[in-house]
Amino acid sequence: MVSGGVACCHEIRASATYHCCDRMRAARHCKIWFLEPAVPKPVFIFTPLHEFHVQAAVIFSKQLGFHLRVRSGGHDYEGFSYVSRIESPFVVIDPVNLRLVEIDIKDNTAWVQAGANNGEVYNRIAQKSKVLGFPAGIWATVGIGGHITGGAYGSLLQKYA
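Each residue of the sequence shown is one higher than the one before, starting from 566 at the first, in this note's numbering.
So, in structure tokens, the structure goes:
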């Protein structure tokens with residue numbers, strides 16, 4: 566898709582023969598109930614290749630009057646990142662391609678894109694340090710985007726609660 570001469574993002578259309586969950590299930594976690602015919606499906610699933618594609622997807626969705634759902638791993642038990650029973654039509658932004666994890670040991674900081682998951686962050690930290698850690702959850706497949714924005718609890722919760 567192109568918007569004003571700028572590549573917007575990769576899109577996936579849901580149709581009667583192509584369930585949008587097929588793409589998500591292939592790469593990530595998916596709920597079986599999502600496949601039920603009565604469950605509302607997104608009009609598009611945006612899988613941005615660059616950060617500016619996210620902005621373009623938001624602008625595009627707003628221009629068309631679509632509501633947004635953002636999915637980063639898909640471990641929400643209620644399925645809020647998959648469906649919208651109230652707000653329709655809707656689109657999903659899945660940052661699965663935005664997986665950069667940069668660890669700066671000197672500054673004790675990390676830059677992690679929303680498509681990365683806990684396991685990728687744990688592994689990158691372990692490659693850089695034998696003493697540093699990250700207080701995230703025990704499930705390696707949980708998406709960082711959802712975890713950091715308050716959607717998860719980590720194994721160090723009891724220590725700092």
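A virtual CB, placed ideally from N, CA and C, is assigned to each residue, including glycine.
*Give the C-beta separation of residue 626 and residue 711 to the nearest angstrom, bearing in mind that I take them to be a contact with Cβ-Cβ under 8 Å.*
Within the sequence shown, numbered from 1, the residue matching residue 626 stands at position 61. Within the sequence shown, numbered from 1, the residue matching residue 711 stands at position 146. Rounded, the Cβ-Cβ distance is 19 Å, inconsistent with contact.
*Looking only at DSSP bridge pairs, what is residue 675 linked to?*
Along the sequence shown, read from residue 1 onward, the residue named residue 675 stands at position 110. In the DSSP output, where bridge partners are listed per residue, residue 675 has 668.
*With DSSP run on the structure shown, which of helix, strand or coil describes residue 651?*
Position 86 of the sequence shown, counted from the start, is the residue given in the question as residue 651. Correct three-state label for residue 651: coil.
*Would you grab the beta carbon distance between residue 661 and residue 709 for me? Rounded to a whole angstrom, and I think it's under 8 Å.*
Taking the first residue of the sequence shown as 1, we reach residue 661 at position 96. Taking the first residue of the sequence shown as 1, we reach residue 709 at position 144. Not quite, the Cβ-Cβ distance comes to about 12 Å (not below 8 Å), so this is no contact.
_Quick check on the burial criterion: 16 or more other C-beta atoms within 10 angstroms. Buried or exposed for residue 646?_
Sequence index remark: in the sequence shown, residue 646 carries index 81 (1-based). Residue 646 is buried by the Cβ-count criterion.
*asked:* Within the continuous alpha helix (DSSP H) that includes residue 609, where are the two ends?
replied: Translated into the one-based positions of the sequence shown, residue 609 becomes position 44. Run containing residue 609: none in the alpha helix (DSSP H); it sits in the beta strand (DSSP E), 609 to 612.
*Meets three-Cβ-pair contact criterion under 8 Å: the segment 605 to 620 and the segment 687 to 695*: no
*Would you kindly work out how many angstroms separate the C-alpha atoms of residue 680 and residue 699, rounded to a whole number?*
For the purposes of this step, residue 680 is taken as the residue at position 115 of the sequence shown. For the purposes of this step, residue 699 is taken as the residue at position 134 of the sequence shown. Those two C-alpha atoms are separated by around 17 Å.
*Got a sec, what are the start and stop residues for the alpha helix (DSSP H) residue 629 sits in?*
Within the sequence shown, the letter at position 64 stands for residue 629. From DSSP, the alpha helix (DSSP H) with residue 629 extends over 616 to 629.
*Count the other CB atoms within 10 Å of the CB of residue 697; is the residue buried (16 or more) or exposed (fewer)?*
Taking the sequence shown and counting its residues from 1, the one referred to as residue 697 is at position 132. Exposed, because fewer than 16 other Cβ atoms sit within 10 Å of the Cβ of residue 697.
*asked:* Please report the straight-line C-alpha distance between residue 635 and residue 606, rounded to a whole angstrom.
replied: For this step, residue 635 is matched to residue 70 along the sequence shown. For this step, residue 606 is matched to residue 41 along the sequence shown. Rounded to the nearest angstrom, the two C-alpha atoms are 14 Å apart.
*DSSP three-state call for residue 702: helix, strand or coil?*
As a working note, residue 702 is residue 137 in the sequence shown. Looking at residue 702 - three-state DSSP - the assignment turns out to be coil, as it is neither helix nor strand.
*Per DSSP, what kind of secondary structure is residue 636 in: helix, strand or coil?*
Position 71 of the sequence shown holds residue 636. Correct three-state label for residue 636: coil.
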